[in-house]
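Novice: In this note's numbering, the protein residues as written are 37 to 332.
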């Protein structure tokens, strides 16, 4: 801004760095040519009918920075600017995902233990099914990869005991038959959160609900929806009755749309957990938004 005040936002979007750098140069040139007041002229310069992921992430980052700047000037937490803090603390999980090179069951277990001890997270989420793609592997190969994944899950569950819950992200790797099998096995291993076992939009809503019911029968919740970009998409997702937890990503939704999705989900009796596979700036902003929403 003209008074040199600073607000923070995160535009990390893997594989889209060149596009984002070019768009930042475009915005810099715009600011150099014009007197800019507020973030809306910058957002207007970025908006298109069809928005690619890199551009969408930058749109969100500009909005984040603008709201952060307002909060700093008001000397208030961002949660207050977004409608008022409704919670004093926000539970969080730690995510191993691809963050370790030792992909043995022991490697997963050791990393999970360290994360819980270091962070105090309520759960650890892991992505154990490396290399599984149902449409590229024959059945014996699929079974072998699945078994390696189950061994990782079992090792983590055994290591953590009652100290923390275990969540599993399947990254849409399975077909419907495989998803049914993996849900059954993961529930037997004590997993309480099963995320994206398949591309849900490829199966009928009634099949989605059956999969959710299978999770419930085994004591788990079904999570997904990290790719939704607006409230219309979230409404369709909730109408299908497919999920216990939805995962809007502020890089895709922006702040205003994202917080509307959180409130929409809460009003529908569905939990929400903001998705963030990137950096600490988005983490901090996600916590502030989550604090401003009452969850079921």
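Heads up, the beta-carbon is just placed ideally off N, CA and C, and yes, glycines get one too.
Tell me, which residues are paired with residue 205 by DSSP?
Specialist: Position 169 of the chain shown, counted from the first residue, corresponds to residue 205. 231.
Novice: Quick one: Cα of residue 271 to Cα of residue 296, how far?
Specialist: Indexing the chain shown from 1 puts residue 271 at position 235. Indexing the chain shown from 1 puts residue 296 at position 260. Their backbone Cα atoms lie some 11 Å apart in a straight line.
Novice: If you reduce the DSSP assignment to three classes, tell me which class residue 57 lands in.
Specialist: Along the chain shown, read from residue 1 onward, the residue named residue 57 stands at position 21. Here residue 57 sits in helix by DSSP.
Novice: Could you spell out the range, first to last residue, of the beta strand (DSSP E) harbouring residue 162?
Specialist: As a first step, residue 162 must be located in the chain shown, where it is residue number 126. It spans 159-162 - the beta strand (DSSP E) in which residue 162 sits, taken as one unbroken run.
Novice: Following the continuous alpha helix (DSSP H) through residue 149, name the residue where it begins and the one where it ends.
Specialist: As a working note, residue 149 is residue 113 in the chain shown. Residues 141-155.
Novice: Identify which residue in 209, 143 and 241 has its Cα closest to the Cα of residue 190.
Specialist: Counting from 1 along the chain shown, the entry for residue 190 is found at position 154. That would be 143, whose Cα lies nearest to the Cα of residue 190.
Novice: Where does the unbroken beta strand (DSSP E) through residue 130 begin, and where does it stop?
Specialist: The residue labelled residue 130 in the question sits at position 94 within the chain shown. Unbroken beta strand (DSSP E) run through residue 130: 129-131.
Novice: Taking 8 Å as the threshold (C-beta atoms), are residue 282 and residue 302 in contact?
Specialist: To locate residue 302, count along the chain shown from 1; it is residue 266. To locate residue 282, count along the chain shown from 1; it is residue 246. Cβ distance not < 8 Å, so residue 302 and residue 282 don't count as in contact.
Novice: Which same chain residues, not among the five before or five after residue 274, have their C-beta less than 8 Å away from its C-beta?
Specialist: Taking the first residue of the chain shown as position 1, residue 274 is located at position 238. These residues qualify, in order along the chain: 282, 300, 301, 304 and 306.
Novice: Using DSSP with H/G/I as helix, E/B as strand and the rest coil, what is residue 240?
Specialist: Translated into positions along the chain shown, residue 240 becomes position 204. Looking at residue 240 - three-state DSSP - the assignment turns out to be coil, as it is neither helix nor strand.
Novice: Out of 76, 53, 132 and 96, which has the shortest C-alpha to C-alpha gap to residue 313?
Specialist: The count along the chain shown starts at 1 and reaches residue 313 at position 277. Comparing Cα-Cα distances from residue 313 to each of 76, 53, 132 and 96, the minimum goes to 132.
Novice: What's the gap between the Cα of residue 226 and the Cα of residue 294?
Specialist: Taking the first residue of the chain shown as 1, we reach residue 226 at position 190. Taking the first residue of the chain shown as 1, we reach residue 294 at position 258. When rounded, the distance between both Cα atoms is 31 Å.
Novice: Could you give the first and the last residue of the continuous alpha helix (DSSP H) run that contains residue 257?
Specialist: If you number the chain shown from 1, residue 257 lands on position 221. Run containing residue 257: none in the alpha helix (DSSP H); it sits in the beta strand (DSSP E), 257-260.
Novice: Who are residue 189's beta bridge partners in DSSP?
Specialist: Within the chain shown, residue 189 is the residue found at index 153, counting from 1. For residue 189, which the question treats as bridged, DSSP gives no partner whatsoever.
Novice: How far does the alpha helix (DSSP H) with residue 280 in it extend, from its first residue to its last?
Specialist: Counting from one through the chain shown, the residue named residue 280 turns up at place 244. No alpha helix (DSSP H) holds residue 280; DSSP gives it neither H nor E.
Novice: Using CA coordinates, which residue listed in 286, 254, 102 and 257 is at the minimum distance from residue 267?
Specialist: One-based indexing of the chain shown puts residue 267 at position 231. The candidate whose alpha carbon is nearest that of residue 267 is 286.
Novice: Compare the Cα-Cα distances from residue 166 to each of 151, 148 and 135 and report the closest residue.
Specialist: Residue mapping note: residue 166 aligns to position 130 of the chain shown, counting from 1. Per the Cα distances, 135.
Novice: For residue 125, which of helix, strand or coil comes out of DSSP?
Specialist: To locate residue 125, count along the chain shown from 1; it is residue 89. Three-state DSSP puts residue 125 in coil, outside helix and strand.
Novice: Relative to the alpha-carbon of residue 205, which residue among 120, 250, 255 and 215 has its alpha-carbon at the smallest distance?
Specialist: Position 169 of the chain shown holds residue 205. The shortest C-alpha separation from residue 205 is found at 215.
Novice: Can you grab the Cα-Cα spacing for the pair residue 146 / residue 163, in whole Å?
Specialist: As a working note, residue 146 is residue 110 in the chain shown. As a working note, residue 163 is residue 127 in the chain shown. Answer to the nearest angstrom: the Cα atoms are 15 Å apart.
Novice: Does the Cβ of residue 32 have 16 or more other Cβ atoms within 10 Å, making it buried, or fewer, making it exposed?
Specialist: Only positions 37 to 332 of the chain appear in the structure, and residue 32 is not among them; the question remains open.
Novice: Would a check of beta-carbon distances place residue 115 closer than 8 Å to chain B?
Specialist: The structure shown contains no chain B; it is built from a single protein chain.
Novice: Can you name, in chain order, every residue of its own chain whose Cβ lies under 6 Å from the Cβ of residue 48, other than the five neighbours on each side?
Specialist: For the purposes of this step, residue 48 is taken as the residue at position 12 of the chain shown. Excluding positions up to five away in sequence, the list reads 314 and 315.
Novice: In the DSSP assignment, the alpha helix (DSSP H) including residue 293 goes from what residue to what residue?
Specialist: Translated into the one-based positions of the chain shown, residue 293 becomes position 257. 291-303 is the extent of the alpha helix (DSSP H) around residue 293.
Novice: In whole angstroms, what is the alpha-carbon distance linking residue 260 and residue 288?
Specialist: By 1-based counting over the chain shown, the position of residue 260 is 224. By 1-based counting over the chain shown, the position of residue 288 is 252. Their backbone Cα atoms lie some 14 Å apart in a straight line.
Novice: Is residue 311 buried or exposed, if buried means 16 or more other CB atoms sit within 10 Å of its CB?
Specialist: Position 275 of the chain shown, counted from the first residue, corresponds to residue 311. It counts as buried.
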